[in-house]
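Encoded as structure tokens, the structure appears first; notes follow it.
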Amino acid sequence: MYHLFLTARLILLAGALALAGLVSAKGDEIAGLVAGHVDAALEVRSEGRPVDAALMLSDLLEALLDADEALDPAILSDVLFHYAETLRLADRPDAAEAMARRALQIDTGRLPADSPALAAVYSVLGAALLDQGRGAEAETELRAALPIYEAAFGDHAYTAVTLYQLAQAADAQAHYPAAARLAARALVMLTRVPEADQPDGLSGQAGFLAARSYGEWYDSARRASDWSGTRDAMLGRAALAGAGQDRAARRVELSEFLLARSLESQAAFEAGRFAEIEVLAAVAMEIWQAEHDLDPVYMSAAMAALALALSEQARPDEALAMQGRRFEFVTIAMQDRPVSVAHALSTYVTALTNNGQDAEARAVFARHAAALQGRLGGTDRAVLAMTEARLLSLDGDHASALRLAGEAQADLEAGGATAHDLQNFHSERSAIARRAGRYEDAYADLLRGRELADPAPGSFDAMYWDGSLAVIALYHLHRPGTALDRVRDASASLIGHASAQADARGIADEGREVTSLRSLFILHTEAVWGTAHAREP
């Protein structure tokens with residue numbers, strides 16, 4: 000430490016001796032002395048000692064102003080520019096701003112408007128303003144520098160740095176779309192600049208700022224229900240994935256991006272934000288179609304999510320059409336994955352029956368189910384069996400449907416089925432038992448499905464399960480007291496869901512809630528009357 004301090008003192012002492020001769024120096028002699036002193040200061044700065052370098056440049060500036068010879072404006076501007084840069088590094092942005100403004104005052108009019116030297120002064124002034132949190136003022140100076148650098152250098156470190164600083168200025172003003180795009184431009188440009196010419200760490204900083212700004216843009220657009228904004232933010236973020244890397248690396252990053260969107264769609268569904276799912280799914284589908292070599296599972300998941308969102312927004316025809324497109328896609332792009340084909344087939348057949356197209360459902364199942372026989376394990380075989388059981392039940396063959404459901408249950412229990420698999424099984428078997436007139440079994444299966452689903456209190460899912468249980472209890476089991484308890488729980492869940500989503504729901508969501516509330520009101524009225532006038536068995 001003492002050695003470093005002594006070295007700094009010796010450099011400063013040598014500089015002072017040189018400056019003593021500067022006061023009486025003339026013309027070219029001044030230029031040589033100044034250049035040498037600036038070089039020495041910059042060397043000190045490059046060693047990580049900006050405070051010492053700033054002291055050297057301060058002494059130089061003072062000597063220049065005291066010199067007998069009329070001062071060349073170019074020399075003074077050069078010193079002011081380097082002094083401003085050094086003051087920034089010494090954490091004195093206000094002083095840096097003052098020096099940069101003095102340099103700009105000298106250079107404006109003296110240099111051509113397209114001079115890179117003038118752009119450098121704009122840049123250092125903009126950076127000093129950024130350091131003080133004055134984003135709008137910084138943007139003005141940096142925008143003056145950018146076109147000069149672009150015209151003079153094209154893809155260059157100077158241009159990339161200015162783009163990154165403009166991104167910082169936009170971020171400081173919460174202009175997240177602009178910040179994201181500018182940072183992304185900087186990052187992409189850096190991939191075309193030799194690594195040796197890049198400022199240390201700039202690529203990582205630009206990548207971080209771009210990702211964060213895209214996230215802020217997406218969040219703010221989503222909160223405002225600006226779905227075109229969320230779409231643009233997501234597509235921009237995807238375009239940034241793997242910038243400058245080889246194809247394999249880009250494929251990995253895009254796959255991670257699409258997986259994140261899929262998980263986000265699940266969270267949006269649980270929160271009832273169906274319009275948001277439409278955007279996320281459309282973005283994922285657009286990316287997959289543009290890239291071609293990504294795993295088709297991402298396209299399939301996006302199409303399934305979109306169909307579900309359309310269905311939840313009371314758009315059954317669009318939802319069914321999307322399920323049909325998805326099934327056709329899976330049978331072609333994923334034909335070597337029988338499990339995926341089986342699940343897509345089951346989903347499409349169910350959608351057809353829900354839409355009253357039982358004959359088409361039977362035809363689709365008959366065309367594709369046989370090719371899957373022998374290619375599925377226990378739990379996946381159970382999915383196909385329950386789909387066939389549904390069709391048999393709708394045809395009135397309740398005995399065969401219940402037999403297949405029993406076989407499916409054995410497969411599920413032997414195959415280590417997940418809670419989600421079992422939840423779906425009990426829900427479907429409840430519907431089959433109900434069509435067969437076995438209401439005790441229907442109620443028991445539905446109750447078990449609710450236990451496995453474990454819906455969050457106050458959620459639309461909780462309303463669905465409790466409302467469905469109330470219907471069976473009231474109309475088929477003639478237990479109005481039990482039904483009344485379930486109706487009260489369902490009503491509380493619906494009200495809680497509507498309150499939680501008050502800012503995010505659209506007309507379709509409100510319509511669904513009104514319809515559900517009307518149904519629950521009728522159930523509640525009849526359950527109250529039944530409780531007062533009848534005994535439960």
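In terms of numbering that gives the first Met the number 0, the sequence shown opens at residue 0 and continues consecutively. For every residue, glycine included, the Cβ atom is placed at its ideal position computed from N, Cα and C.
Consult DSSP for residue i and reduce its assignment to one of helix, strand or coil.
i, result
"L208", "helix"
"L189", "helix"
"S224", "coil"
"T158", "helix"
"L70", "coil"
"D379", "helix"
"E285", "helix"
"G203", "helix"
"L9", "Because the pLDDT at L9 is just 33, under 50, the model does not fix this residue reliably, and the point stays unresolved."
"H2", "Note on H2: pLDDT 35, under 50, position unreliable in the model; no value is reported."
"H397", "helix"
"S354", "In the sequence as displayed, the identity of residue 354 is Asn instead of Ser. N354 falls in the coil class under three-state DSSP."
"S518", "helix"
"L293", "coil"
"Q167", "helix"
"P115", "helix"
"D335", "coil"
"A89", "coil"
"T417", "coil"
"R246", "helix"
"L541", "Lying outside 0 to 536, the shown extent of the chain, residue 541 is not represented and no answer is given."
"Q408", "helix"
"A143", "helix"
"R487", "helix"
"D453", "coil"
"A102", "helix"
"S458", "coil"
"Q265", "helix"
"A362", "helix"
"E252", "helix"
"E46", "coil"
"R434", "helix"
"L16", "Since pLDDT at L16 reaches only 37, below the 50 mark, its modelled position is unreliable, and no value is offered."
"P198", "coil"
"Q322", "helix"
"R374", "coil"
"R236", "helix"
Based on the DSSP output, what are the partners of residue i in its beta bridges?
i, result
"T107", "L110"
Alpha carbon to alpha carbon, what distance is there between residue j and residue i?
i, j, result
"M188", "A159", "6 Å"
"D130", "R87", "8 Å"
"A40", "H174", "38 Å"
"V123", "L181", "18 Å"
"A185", "S212", "13 Å"
"D218", "T229", "8 Å"
"S57", "Y82", "7 Å"
"L522", "F459", "17 Å"
"N423", "D484", "24 Å"
"T107", "L128", "19 Å"
"M284", "M298", "6 Å"
"G415", "G529", "43 Å"
"L75", "P49", "20 Å"
"L63", "A171", "38 Å"
"F152", "E317", "52 Å"
"Q204", "L165", "13 Å"
"A452", "E263", "19 Å"
"P198", "P72", "29 Å"
"I276", "Y463", "20 Å"
"D546", "V338", "Given that the chain is displayed from residue 0 to residue 536, the structure contains no residue 546 and the question cannot be resolved."
"D113", "I147", "5 Å"
"T352", "A360", "6 Å"
"T481", "E439", "13 Å"
"L32", "L60", "12 Å"
"G436", "Y474", "12 Å"
"A94", "P193", "33 Å"
Rounded C-beta distance between residue i and residue j? I'm assuming under 8 Å.
i, j, result
"S345", "T386", "4 Å"
"I286", "A362", "In fact, because the Cβ distance is near 34 Å, the residues do not count as touching under 8 Å."
"S392", "R449", "That belief does not hold up - the Cβ atoms of S392 and R449 are roughly 21 Å apart, past 8 Å."
"A183", "G235", "7 Å"
"D465", "D444", "Actually they are not in contact, since the Cβ atoms of D465 and D444 sit about 15 Å apart, beyond 8 Å."
"V278", "W216", "With a Cβ gap of about 13 Å, V278 and W216 do not count as contacting."
"N354", "L309", "In fact, because the Cβ distance is near 12 Å, the residues do not count as touching under 8 Å."
Task: Three-pair Cβ contact test at 8 Å for the segment 408–423 versus the segment 364–371 - done: no
Task: the segment 130–139 contacting the segment 111–119, beta-carbon criterion three pairs below 8 Å - done: no
Open item on the list: Using a Cβ distance threshold of 8 Å, determine whether the segment 266–274 contacts the segment 303–317, with at least three qualifying pairs required.
Closed with: yes
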